[in-house]
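I have placed the structure first, in the form of structure tokens, so that the comments after it can refer back to it.
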Amino acid sequence: MIEKRIENIRKALADNSAGLITNESDCFYFSGFNRSEGMVLVTPDTATLFVDFRYIEAAKKASKIDVRLTDNFFRDIYSLLKNESITTVFVQSESVTLSKKKLLDEAFDGIHVSTDINLDKIIREMRAVKSAEEIALIKSAQDITDRAFSYILTKINAGKTEREIALELELFMKKEGSEGVAFDTICVSGENSSKPHGIPGNKIIEDGDFLTLDFGAIVGGYRSDMTRTVCVGKPTDKMTYVYNTVLKAQTEAIASVKSGVACKCVDKVARDIIETAGFKGCFGHGLGHSVGIDIHESPYFNTRCEALTKPGMVITVEPGIYLQNEFGVRIEDMIVVTENGCEDITKSNKSLVII
Ligand code: ZN
Ligand code: ZN
Numbered sequence: 000m001i002e003k004r005i006e007n008i009r010k011a012l013a014d015n016s017a018g019l020i021t022n023e024s025d026c027f028y029f030s031g032f033n034r035s036e037g038m039v040l041v042t043p044d045t046a047t048l049f050v051d052f053r054y055i056e057a058a059k060k061a062s063k064i065d066v067r068l069t070d071n072f073f074r075d076i077y078s079l080l081k082n083e084s085i086t087t088v089f090v091q092s093e094s095v096t097l098s099k100k101k102l103l104d105e106a107f108d109g110i111h112v113s114t115d116i117n118l119d120k121i122i123r124e125m126r127a128v129k130s131a132e133e134i135a136l137i138k139s140a141q142d143i144t145d146r147a148f149s150y151i152l153t154k155i156n157a158g159k160t161e162r163e164i165a166l167e168l169e170l171f172m173k174k175e176g177s178e179g180v181a182f183d184t185i186c187v188s189g190e191n192s193s194k195p196h197g198i199p200g201n202k203i204i205e206d207g208d209f210l211t212l213d214f215g216a217i218v219g220g221y222r223s224d225m226t227r228t229v230c231v232g233k234p235t236d237k238m239t240y241v242y243n244t245v246l247k248a249q250t251e252a253i254a255s256v257k258s259g260v261a262c263k264c265v266d267k268v269a270r271d272i273i274e275t276a277g278f279k280g281c282f283g284h285g286l287g288h289s290v291g292i293d294i295h296e297s298p299y300f301n302t303r304c305e306a307l308t309k310p311g312m313v314i315t316v317e318p319g320i321y322l323q324n325e326f327g328v329r330i331e332d333m334i335v336v337t338e339n340g341c342e343d344i345t346k347s348n349k350s351l352v353i354i
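In structure tokens, the structure reads:
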């Protein structure tokens, strides 16, 4: 599989040129070795992961391409480029800073360091369509997430703090095999739940609060992402109305997904429902994002994204309604695009849970 990815990069390169991959997640994608300060160099004849002493043992075990130990990345990459008579090396403009570009220009004497090929875009488009193996890992991460939600429902009660609940969730996921948290856990209640990306604090969960939990696990380097909003105590009519509106927006948006749909059209399905229900201006973020090695990947379900969905894309659907100084509701599932529809890989219940 990694061989195929390397081949795709080679196709994009000109004769006598190489691609230097420096983005951490992309290095994992092209080597199989996760999380290091390494670099991957793809030339017409070779593909090499360069790592320093701290990672060499683990890299040799995990990497599917050649591994080289280095104590001076640019010097050793330069000598490989020279050996293979490379005249141009394409770099990733989104991860190579201006100061690093200057260092590269100096270190690669006689070799053109170029951003003319948009390596980032090429890689982004490759990574957008997940293989069966990648989807299996994301599903495993989501399975832990679903189980964590069932578990936490037995632990939530008025009187606990948001931070306590967040910690219990994270502890459960790690015990169940998660390699970390997919992103900083969001656990916000009452008025705090109107902040889409609120930080769990010492606020005590009170009777009558909505509690929004947004969290995910990591398996094999791949992430999951799910949000559920539950009610602690009895919801008001307004709370129930808002919840059911978000749920309708979410389920109808999911029902509209199939291969070949413009991402912005999926966003519109949910946004129209929320606006028609009287909440214009209360859904101030995009409907969803792709998930994989990174928590936010392309393409996005938002008002601008013209990309067409393709089978194998894994994208979240997460509408929300946020009423400042009152409360907020968000419901988020991950779906896998298929030829004629999509598979919802989030299994947790979505009808309003009252604790
Ligand atoms: Zn989320
Ligand atoms: Zn998300």
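Take the sequence shown: its position 70, counted from the start at 1, is 69 in numbering that gives the first Met the number 0, and no numbers get skipped.
Built from N, CA and C at the ideal position, the CB exists for glycine as well.
Being a predicted model, the structure only gives us computed values, none of them experimental.
- In this structure, the beta-carbon distance from Asp145 to Ser347 falls below 9 Å.
- Counting only heavy atoms of ligand 2, the residues whose C-beta sits closer than 6 Å to one of them are, along the chain, Asp224, His288, Thr315, Glu317 and Glu331.
- For the pair Asp25 and Val39, the CB atoms are nearer than the 9 Å cut-off.
- The continuous stretches of beta strand (DSSP E) do not include Arg53, and DSSP gives it neither H nor E.
- Look at Asp25 here: in three-state DSSP terms it is helix.
- When distances are taken from the beta-carbon of Gly215 to the heavy atoms of ligand 1, the shortest one is below 8 Å.
- About 4 Å separates the Cβ atoms of Ala306 and Pro298, confirming a contact at the 8 Å cut-off.
- Contact between Cys230 and Lys263 is ruled out by a C-beta separation of about 32 Å, above the 8 Å threshold.
- Taking the Cα positions, Glu342 is about 16 Å away from Ala140.
- Leaving aside the five residues that flank Thr250 on each side, the residues in its chain whose CB is nearer than 8 Å to its CB run, in chain order, Lys349.
- A straight-line Cα-Cα distance of about 22 Å links Glu36 and Met125.
- Between Ala127 and Glu6, the C-beta gap is not smaller than 9 Å, which leaves the two residues out of contact.
- Counting only residues of its own chain and dropping the five nearest sequence neighbours on each side, Tyr242 has a CB closer than 6 Å to the CB of Val328 and Leu351.
- Of the candidates Val245, Val268, Ser258 and Glu175, Ser258 places its Cα closest to the Cα of Pro310.
- Rounded to whole angstroms, the separation of the alpha carbons of Asp208 and Thr235 is 10 Å.
- Nearest to Val66 by alpha-carbon distance, out of Ser16, Gly31 and Lys99, is Gly31.
- In chain order, Lys257, Ser258 and Pro310 place their CB closer than 8 Å to the CB of Thr337, counting only its own chain and leaving out the 5 sequence neighbours on each side.
- Excluding residues up to 5 positions away in sequence, Ala181, Gly215, Val290, Ile294, Thr315, Glu331 and Met333 lie with their Cβ nearer than 7 Å to the Cβ of Asp224 in the same chain.
- For Thr87, DSSP records a beta bridge to Ser16 and His111.
- By the Cβ rule, the region 110 to 125 does not count as touching the region 193 to 206, because fewer than three pairs are nearer than 8 Å.
- Nearest to Ser84 by alpha-carbon distance, out of Phe72, Asp115 and Ile110, is Ile110.
- Excluding its 5 nearest sequence neighbours in each direction, Gly179 has C-beta neighbours in its own chain below 7 Å: Ile217, listed in chain order.
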